[in-house]
Amino acid sequence: MRYLDEFQDPALARRLLDEIRATVTRPWALMEVCGGQTHSIIRHGIDQLLPSEVELIHGPGCPVCVTPLEMIDKALAIASRPDVVFCSFGDMLRVPGSGRDLFRVKSAGGDVRVVYSPLDALEIARRTPEKQVVFFGIGFETTAPANAMAVHQARRLGVRNFSLLVSHVRVPPAIEAIMRSPHCRVQGFLAAGHVCSVMGVGEYPALAERFRVPLVVTGFEPLDILEGVRRTVRQLERGEHRVENAYPRAVRDEGNPAALRMLAEVFEVADRAWRGIGTIPASGWRLADAYREFDAEHRFDVTDMRAEEPAACRSGEVLQGLLKPYECAAFGKACTPRTPLGATMVSGEGACAAYYLYRRLSPGPAAATGKEATSVG
Amino acid sequence: MCLAVPGKVVGVEERDGTRMAKVDFGGVVKDVCLAYLPEIEVGDYAIVHVGFALQRLDEEAALATLELFARMGALEEEFGDAWGRAAAEAGEPEVPR
Amino acid sequence: MAEAYVEAGGLPDPSVWSCPAPLRDGPVVVLGHGGGGALSAELVSEVFAPAYGNEILSGLGDSAILPLGGTRLAFSTDAYVVRPLFFPGGCIGDLAVNGTVNDLAMSGARAAFLSCAFILEEGTELAVVERVARAMGSAAAAAGVVVATGDTKVVDAGHGDGIYVTTSGVGLVPEGVDIRPQRARPGDVVVVSGPVGLHGVAVLSVREGLEFGVEIASDTAPLGGLVAAMLGVTRDLHVLRDPTRGGVAASLNEIAAASGTGVVLTEEAVPVPEPVANACGFLGLDPLYVANEGRLIAFVPREHADAVLAAMRAHPQGAGAAVIGECVAEHPGMVVARTRLGGTRVVDLPVGEQLPRIC
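So this is what it looks like as structure tokens:
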């Protein structure tokens, strides 16, 4: 068992697809919350293999997209300082702040480095005591324990030149915000498996009950995603709304107790601004008082920085499935993958970019659903 | 948010008071922090995200999931009707949340 | 902005959610301009091509084909800034020789002479320079090419990464050979000469902040011999391309765009070594976009495909050759992959450098 190729088997995928086809009787709109799942869906072409009744709405589960503008501006201000080595996950380097991104800070002489883990940034801090080393601590619940540990270790080992710029968000408040929208079309959720590996599933039954919506904890390999879809559709067809765990090999009900203890020690739940949305109550974390000295916002005195968001595109509506990408006035005209107005047009797995590409692939009205594009070549 | 991949623990050591592992991702070996999985042993598989082992992979659960998929098709082939599917679902553990 | 969207209940209305777009039209050079993707292409088409504008340059092949004294000369130049200088399987020196030799080979030419310019950073150890020079010498000998002229400049400490190398090369294009991206035709069989992604992953494995242990080496190698063997089967090869920066994905997109054809890849058929696949797995990279330094992609007329493939497999540099797809008339300018599950996905031109992602 390698826990990888076994869950990519095409023959088993066909069986799952047959089972979904046999179960579904009418249209359902499901949302996968996590960007990693969106990636897997596009990467394997899963969206085109599902029966036409099943619509997958790609949710807002991409930390890169939801990190607010003023936090990016804070990162840019800190990274521009000559005494700072600014470390980040790779995918944050292209996210624009007000007029600049980390790439441009780097090109202007800033010491910006891509690392794989926050512990790598801590190691850089230990090796270069003459510099301030800052790690950009973004991400959802999956990533928070790693960043918490880096700060905890910095305090324990006395690495005073290390600090964390914290912008952590949590999934359940986002699900609540989506469900409370008066226009919400989402009827079932594929909950993010690795978030639940850390947090467990304790926060979800109340959401399932309150909004009468199935929540199925789902993994990331193709078979995992198909199984998540199958179980969600089965609940919907039966009129149920429960929490199910379709990823039991990596998710225990109680989550990871050691990680939860560390989160409770290092962070405290706080209101967080989401880019393009505004503040959602209790939707994120900040450093607890005991760790405040490692907070880069305080250390570099950027707490009061504010930024005006530029005019928004309509990707919020697209993210919720309220608007088909091609129904947006800018789609394919002002907004293309080469000149994107919003993140949904930026990467290949963005809903708008996917539609744009498939429209080119299969011109005509067929491209409207994005499913007819399967018969290429 | 969730790019986490399964790997096999091939070595464990203390470093600066923290439990660290060498984890093999199919021919690629990386240092991984075990602080959150204190019980994990050499030979176990774990889900790893940005240098941290987040959860031990449960082989029994993985096999059960795969078996479920395989049975799903098999019953359909065997019975090819709603009864077969009903039987499949009856035999399928309603996994607790 | 946010307040206006917040509902009475205290939660923002997600129907007005929006996401940020990456900046594209900045006034300064960013790393992506050298990544071999869309940004690189824009730099060439918007800055360089208008400045030098001529017909030869607008061919945009790996090498230029110059009519000279009754012969056709292939001419190519390439700059090397790889970091670290030494990596599993090679160093900046062999890369600089093989890279230019291969650019020439992609027009069917056998490299004859190279020039070599060094930009050295003050403070670089001479022993390091010597190691790189020796590596260049061995690589040139192996490729059967002569380093005929060179130049050296030194820059202040802090203004370079130790060593940068630029090589240029010339070679003769054999009679009857016309290999260029514009010649791809529907029906052509798409072949890759061996496993992909080795160079990019080998270099990443020793890059600061990403280090990981992996028993693979860069594939850096000269391809002149392999191309000669292929031309021994037929002179009518349509396209050759070495998938360096931007990997197989960038090369196929360039060929599709230049020829106005489409490409359909069978994902399962692309030879990706397991360690490459797994390293890409945990870094969040796509092997199709990872650089190679000793591989080529060929568009071969269907009637010659079997014989060309056999000739490639009989050559040491083509032992792992495989058919990975075909050229089609549909979706011109686009590359589409059939996934293992039977779905399809569009393999787009990368914008800039591929970055490790966590999402």
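Residue numbers (the working numbering), protein chains in the order written: chain A, 1 to 377; chain B, 1001 to 1097; chain C, 2001 to 2359. From the three backbone atoms N, C-alpha and C, an ideal C-beta is built for every residue, glycine too.
> What are the start and end residues of each continuous alpha helix (DSSP H) run of 4 or more residues lying completely inside the region 2235 to 2275 of chain C, in chain order?
Replying inline: 2247 to 2259
>> So if DSSP puts Phe162/A in a beta bridge, which residue, or which two residues, is it bridged to?
In response: Val133/A
> From the beta carbon of Glu130/A, is the nearest beta carbon of chain B less than 8 Å away?
Replying inline: no
> I think Ala2064/C touches Val2191/C, with their Cβ atoms under 8 Å apart; what is that distance to the nearest whole Å?
Replying inline: At roughly 25 Å, the Cβ-Cβ gap does not stay under 8 Å, so Ala2064/C and Val2191/C are not in contact.
>> Against chain A, does Ala1061/B count as a neighbour if the rule is that its beta carbon must be under 8 Å from one of theirs?
In response: yes
> In chain C, what lies closer than 8 Å to His44/A by C-beta?
Replying inline: Thr2339, Arg2340, Leu2341, Gly2343, Arg2345
> Since Gln1055/B is in the beta strand (DSSP E), which residue starts that stretch and which ends it?
Replying inline: 1052 to 1056
> For Val229/A, which residues in chain B fall below 8 Å Cβ to Cβ?
Replying inline: Within 8 Å Cβ-Cβ: nothing; Val229/A doesn't reach chain B, min ~13 Å.
>> Taking 7 Å as the limit between beta carbons, can you name the residues of its chain near Glu53/A, skipping five residues before and five after?
In response: Val24, Arg26, Pro27, Trp28
>> Below 8 Å on the Cβ atoms is my contact criterion, and I expect Pro145/A with Met262/A to pass it. Report the Cβ-Cβ distance as a whole number of Å.
In response: 6 Å
> What residues of chain A sit near Asp1044/B, judged by a beta carbon separation below 7 Å?
Replying inline: Here the premise fails: no neighbours, minimum Cβ distance about 11 Å.
> Would you say Leu2210/C reaches chain A, if we count a Cβ-Cβ gap shorter than 8 Å as a contact?
Replying inline: yes
> Using 8 Å as the limit for Cβ to Cβ distance, is Lys1030/B near chain C?
Replying inline: yes
>> Which residue wins for smallest C-alpha separation from Gly2209/C, given the options Leu2240/C, Pro2084/C, Val2044/C?
In response: Pro2084/C
> Leu76/A: which of Arg210/A, Ser107/A, His58/A, Phe162/A sits nearest, CA to CA?
Replying inline: Ser107/A
> Assuming Pro1006/B contacts Tyr1036/B under a Cβ cut-off of 8 Å, what Cβ separation, rounded to an integer in Å, is found between them?
Replying inline: That belief does not hold up - the Cβ atoms of Pro1006/B and Tyr1036/B are roughly 16 Å apart, past 8 Å.
> Ordered along the chain, which non-local residues of its own chain (more than five positions away) have a Cβ less than 6 Å from that of Arg2072/C?
Replying inline: Ile2065, Val2173
> Do we get a CB-CB distance below 8 Å when we pair Ala1004/B with the residues of chain A?
Replying inline: yes
>> Please report the straight-line C-alpha distance between Asn2102/C and Met345/A, rounded to a whole angstrom.
In response: 36 Å
>> Strictly by DSSP, which residues pair up with Met1020/B?
In response: Glu1013/B, Cys1033/B
> Hey, does Tyr116/A have any beta-carbon neighbour from chain C nearer than 8 Å?
Replying inline: yes
>> Which residue wins for smallest C-alpha separation from Leu1057/B, given the options Pro10/A, Pro248/A, His183/A?
In response: Pro248/A
> With 16 as the cutoff for other CB atoms within 10 Å, does Arg127/A come out buried or exposed?
Replying inline: exposed
> Just reading off the beta strand (DSSP E) that Ser2076/C is part of, what are its end residues?
Replying inline: 2071 to 2080
>> By the three-class DSSP mapping on this structure, what secondary structure does Tyr2164/C have?
In response: strand
> So, does the CB of Phe1069/B fall closer than 8 Å to a CB anywhere in chain C?
Replying inline: no
> Is Asp2348/C helix, strand or coil by DSSP?
Replying inline: coil
> Expressed to the nearest angstrom, what Euclidean distance is found between the alpha-carbon atoms of Leu2198/C and Gly2099/C?
Replying inline: 15 Å
>> What are the residues in the region 13 to 31 of chain A lying within 7 Å of chain C by C-beta distance?
In response: Ala13
> Are the region 252 to 266 of chain A and the region 138 to 155 of chain A touching by the rule of at least three beta carbon pairs closer than 8 Å?
Replying inline: yes
> Secondary structure at Ile57/A, three-state DSSP: helix, strand or coil?
Replying inline: strand
> If you draw a straight line from the alpha carbon of Ile1047/B to that of Leu1054/B, how long is it in whole angstroms?
Replying inline: 6 Å
>> Less than 8 Å between the C-beta atoms of Ala2049/C and Gly2093/C, yes or no?
In response: no
> Does any C-beta atom of chain C lie closer than 8 Å to the C-beta of Arg249/A?
Replying inline: no
>> Which same chain residues end up closer than 7 Å to Pro10/A when comparing Cβ atoms and leaving out the 5 residues on each side of it in sequence?
In response: none
> Is Val1042/B helix, strand or coil by DSSP?
Replying inline: coil
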